[in-house]
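Trainee:
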Amino acid sequence: MKMLNHTFFACLLGMSLVSCSHAQQQKTKEFRLPDVPVTLTAPEDRAAYLSLHYWDHFDFADTSLISRPEITEQAFVDFLGILPYTDRAQAAIDTLFRRAATGQEMLYHFIGLSDKYLYEPNSPMHDEELHILVLRALLDNPCLSDTDKIRPRYLLEIAMKNRPGDVAADFTVTCRDGRRRQLSGIKADYVLVYFNDPDCEDCRRVKELLTLSPVVNDLLESGRLKLLSVCVEGKTPAWEKAEFPAGWIDGYDADQRLTREQVYDLKAMPTLYLLDAEKRVILKDASFEQVEERLS
C-alpha cells in the first residue's frame, strides 16, 4: 500500500509519475500508469479516467508478472486506492477482470488478490462494498465457467445480508438466567452486537477493549447504548466459565441458528455490528476502533 496516496494524488494534480524512459520500462517491466488528459481538471473526472484506463499498459498475457508482486500486486493495491474517489468503480473493476481473462492463470491471480485484500477479515484494506463489485464482475465474466462462479455467487449472497442501512435480521439469545431475549426487543439509541466465541484469543482482546473503553462505558451508563454479547457456538463450557461486565446483555445462540442458517456473515470471530434505534445497520463487521470512533 506504500504508493497509494502518491499515485492517486499525483495523477489528480497532473504530475508525471513515470521517471524512466519507455525503453527502461520495457527492460525493467515497471508498471506504467495511463496519461490522464490535461483537459480533465475536476478531481472526480481524473479519478474516473485513471480507474478506467489504469491497466491500459499492463501485459496480461505475460504470466511472469504473476511472480513480480512489486509490480502486479502493488499496482493492484494502488488501483483499489483510487476506486473510492470515483463513481465508476464497477466499470473499472469490470474492465480489469475482462482484460485479465486473456489467460486463466492471470485471471485466477487477480481473483486471489481480490480475496487477499478485500475479503480476508484481517486485511487492513478489507472492504465489503468493493468486494461486492468484484463478485458482480466475476459473475458477469463470460470467461468463467459455471463451476468457477459457484463461490462468487455464494459469497455475494452472504455479503448482501445485513448491509449498512438495512434492518438487521432478528434473532434470539438465551441469557445466563435462562431468559430469552430478541434483538428487536432491545431498546436504546444504539445496539452493539458482539458475536464471539469465548475460546477465541482475538475475542478476548476485543472484549477487553470494549470493557475498558470510556466511550462505550459512558453510553452504557447513560442507557443510550446496549451491548449484546452472543456466543455463536451455543452453551459451550468456555461460555459458562466466561465473565462479562454486568451492564452487558450476555447470551448464547441455543439453536446455533446464526451459523447454521448463515443469518449473518460471521467469517471470523469476533464480529461487531453497530445498529441504530430502529435496528438499522450503521457499521457491519467493524473493528473496535471504527465502533468507538462512530460512537464518539
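So the sequence shown is residues -23 to -1, 1 to 273, counted in mature numbering (1 follows the signal peptide of the UniProt record, and there is no 0). Backbone N, C-alpha and C define an ideal beta-carbon position, used for all residues, glycine too.
1) Going by C-alpha to C-alpha distance, which of Thr248, Gly228, Gly211, Pro247 sits closest to Arg237?
2) Leaving out five residues on either side along the sequence, give the residues of the same chain with a beta carbon under 6 Å from the beta carbon of Cys177.
3) Given Ser(-3), which residues of its chain have a CB within under 6 Å of its CB, disregarding the five upstream and five downstream residues?
4) Given that a residue counts as buried once 16 or more other Cβ atoms are within 10 Å of its Cβ, and exposed if not, what is Thr248?
5) Within 10 angstroms of the Cβ of Cys208, are there 16 or more other Cβ atoms? Answer buried if so, exposed if not.
6) Are the Cβ atoms of Phe35 and Ala52 separated by less than 9 Å?
7) Can you tell me where the alpha helix (DSSP H) holding Tyr171 begins and where it ends?
8) Label Met83 either buried or exposed according to how many other C-beta atoms from any shown protein chain fall within 10 Å of its C-beta, with 16 as the threshold for buried.
9) From which residue to which residue does the alpha helix (DSSP H) around Asp262 run?
10) Quick one: measure Cβ to Cβ for Tyr167 and Leu196, integer angstroms, because I've assumed they're closer than 8 Å.
11) Can Ser273 and Val183 be called in contact, C-beta distance under 9 Å?
12) For Met102 versus Val144, is the C-beta distance shorter than 9 Å?
13) Sorted by chain position, which residues of the same chain lie with C-beta nearer than 6 Å to Ala160's C-beta, five sequence neighbours on each side aside?
14) Which of the three DSSP states is assigned to Gly89 in this structure?
15) In terms of residue numbering, what span does the alpha helix (DSSP H) encompassing Lys218 cover?
16) How should Lys4 be labelled, buried or exposed, when 16 other C-beta atoms within 10 angstroms of its C-beta is the threshold for buried?
17) Which partner residues of Leu73 appear in the DSSP bridge assignment?
18) Could you check which residue in Pro14, Lys261, Leu252 has the C-alpha nearest to that of Lys244?
19) On a CA-only basis, which of Glu269, Gly142, Asn139, His108 is nearest Arg130? Give me that one, please.
Mentor: Result, derived from the coordinates:
1) Reading the sequence shown from its first residue, position 260 is the one you call residue 237. Cα-wise, what sits closest to Arg237 is Gly211.
2) Locating residue 177 in the sequence shown gives position 200, counting from the first residue. Counting only Cβ-Cβ distances below 6 Å, and skipping sequence neighbours, we find Met246.
3) Your numbering for residue -3 matches position 21 in the sequence shown. Reliability fails at Ser(-3), whose pLDDT of 41 lies under 50, so the model's placement of it is uncertain and the value that follows must be treated cautiously. Hits under 6 Å: none found.
4) Within the sequence shown, numbered from 1, the residue matching residue 248 stands at position 271. Around the beta-carbon of Thr248, 16 or more other beta-carbon atoms lie within 10 Å, marking it buried.
5) Looking up residue 208 in the sequence shown gives position 231. With 16 or more other Cβ atoms within 10 Å, it is buried.
6) The count along the sequence shown starts at 1 and reaches residue 35 at position 58. The count along the sequence shown starts at 1 and reaches residue 52 at position 75. Yes, they are a contact pair.
7) Along the sequence shown, read from residue 1 onward, the residue named residue 171 stands at position 194. Membership of Tyr171 in any alpha helix (DSSP H) is not indicated; the residue belongs instead to the beta strand (DSSP E) covering 167 to 173.
8) Taking the sequence shown and counting its residues from 1, one reaches residue 83 at position 106. Burial call: buried.
9) Numbered from its first residue, the sequence shown carries residue 262 at position 285. Per DSSP, Asp262 belongs to no alpha helix (DSSP H); it is in the beta strand (DSSP E), 258 to 263.
10) Counting from one through the sequence shown, the residue named residue 167 turns up at place 190. Counting from one through the sequence shown, the residue named residue 196 turns up at place 219. Sure, about 7 Å apart at Cβ, within 8 Å.
11) By one-based count along the sequence shown, residue 273 stands at place 296. By one-based count along the sequence shown, residue 183 stands at place 206. Taking 9 Å as the Cβ cut-off, Ser273 and Val183 do not qualify as a contacting pair.
12) For the purposes of this step, residue 102 is taken as residue 125 along the sequence shown, with counting starting at 1. For the purposes of this step, residue 144 is taken as residue 167 along the sequence shown, with counting starting at 1. For the pair Met102 and Val144, the CB atoms are not nearer than the 9 Å cut-off.
13) As a position in the sequence shown, residue 160 is number 183, starting the count at 1. First, the residue type needs correcting, since residue 160 is Leu and not Ala in the sequence shown. Counting only Cβ-Cβ distances below 6 Å, and skipping sequence neighbours, we find Asp147, Phe148.
14) Counted from its first residue, the sequence shown places residue 89 at position 112. Here Gly89 sits in helix by DSSP.
15) The residue labelled residue 218 in the question sits at position 241 within the sequence shown. According to the DSSP assignment, Lys218 belongs to the alpha helix (DSSP H) that extends over 214 to 218.
16) Mapped onto the sequence shown, residue 4 falls at position 27. Any reading at Lys4 must be qualified, since the residue scores a pLDDT of 44, below 50, and its modelled position is unreliable; the value itself is stated next. With a threshold of 16 other beta carbon atoms within 10 Å, Lys4 falls short and is exposed.
17) Working through the sequence shown from its first residue, we reach residue 73 at position 96. DSSP output for Leu73 lists no bridge partner at all.
18) Position 267 of the sequence shown, counted from the start, is the residue given in the question as residue 244. Of the listed residues, the one whose Cα sits closest to Lys244 is Lys261.
19) The count along the sequence shown starts at 1 and reaches residue 130 at position 153. Among Glu269, Gly142, Asn139, His108, the Cα nearest to that of Arg130 belongs to His108.
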